[in-house]
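Enquirer: Before anything else, here's the structure in question.
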Amino acid sequence: MEKTILITGGAGFIGSHVVRLFINKYTNYHIVNFDALAYAENLENLRDIEHKENYTFIKGNMNQSDSVKDVFNQFKVDGVINLAADIHVDRSISDPDCFIQTNISGTANLLNIARKSWKDNFQEKIFVSNIN
Numbered sequence: 001m002e003k004t005i006l007i008t009g010g011a012g013f014i015g016s017h018v019v020r021l022f023i024n025k026y027t028n029y030h031i032v033n034f035d036a037l038a039y040a041e042n043l044e045n046l047r048d049i050e051h052k053e054n055y056t057f058i059k060g061n062m063n064q065s066d067s068v069k070d071v072f073n074q075f076k077v078d079g080v081i082n083l084a085a086d087i088h089v090d091r092s093i094s095d096p097d098c099f100i101q102t103n104i105s106g107t108a109n110l111l112n113i114a115r116k117s118w119k120d121n122f123q124e125k126i127f128v129s130n131i132n
């Protein structure tokens, strides 16, 4: 494979469409879908591509540094599209700490691991993130 792209939150509504687009359009790229499979995600959205040679799904949480580091080490990630987020407004009111953990702390953890993994080549890498 030419490059490896890590897509977090790839089992969610937007994420599953992005994963499918990359799997089908960039067949020479390896797409790693890293998702916690919390309340709104569904792997059924990706049944049509789960058998593809350039696709890997890993269940994991961005706040678990060891899991994220393992992905970077195992797959030699070249770019990140971060679509993992807690998005339900009603839940953000009833449990704001959960949203802080995922949307802020998880993203910061992912970014720091990417920066350390890429070291001097950080400016040549791609990191795209969505935070609500």
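Residue numbering for the sequence shown follows my numbering, starting at 1 and increasing by one per position. In this text, a Cβ means the ideal position worked out from N, Cα and C, and glycines have one as well. All figures in this text were calculated on a predicted structure; none of them were measured in a lab.
I'd like to know whether the C-beta atoms of residue 55 and residue 93 end up nearer to each other than 8 Å.
Expert: Reading the sequence shown from its first residue, position 55 is the one you call residue 55. Reading the sequence shown from its first residue, position 93 is the one you call residue 93. No, these two residues do not count as a Cβ contact at 8 Å.
Enquirer: Within this structure, are the beta carbons of residue 69 and residue 113 separated by less than 8 Å?
Expert: As a first step, residue 69 is located in the sequence shown; it is residue number 69 there, counting from the start. As a first step, residue 113 is located in the sequence shown; it is residue number 113 there, counting from the start. In contact: residue 69 and residue 113 (Cβ atoms closer than 8 Å).
Enquirer: Per DSSP, what kind of secondary structure is residue 30 in: helix, strand or coil?
Expert: Taking the sequence shown and counting its residues from 1, one reaches residue 30 at position 30. For residue 30, the three-state secondary structure derived from DSSP is strand.
Enquirer: Does the region 29-45 come close enough to the region 2-13 that 3 or more CB-CB pairs lie under 8 Å?
Expert: yes
Enquirer: Would you mind sorting residue 108 into buried or exposed? The rule is 16 or more other CB atoms within 10 Å of its CB.
Expert: Working through the sequence shown from its first residue, we reach residue 108 at position 108. Exposed, because fewer than 16 other Cβ atoms sit within 10 Å of the Cβ of residue 108.
Enquirer: Is residue 9 close to chain D, meaning its C-beta is less than 8 Å from at least one C-beta of that chain?
Expert: Absence of chain D from the displayed structure is noted, only one protein chain being present.
Enquirer: Which same chain residues end up closer than 8 Å to residue 49 when comparing Cβ atoms and leaving out the 5 residues on each side of it in sequence?
Expert: Counted from its first residue, the sequence shown places residue 49 at position 49. Cβ within range, chain order: 19, 20, 23, 24, 55.
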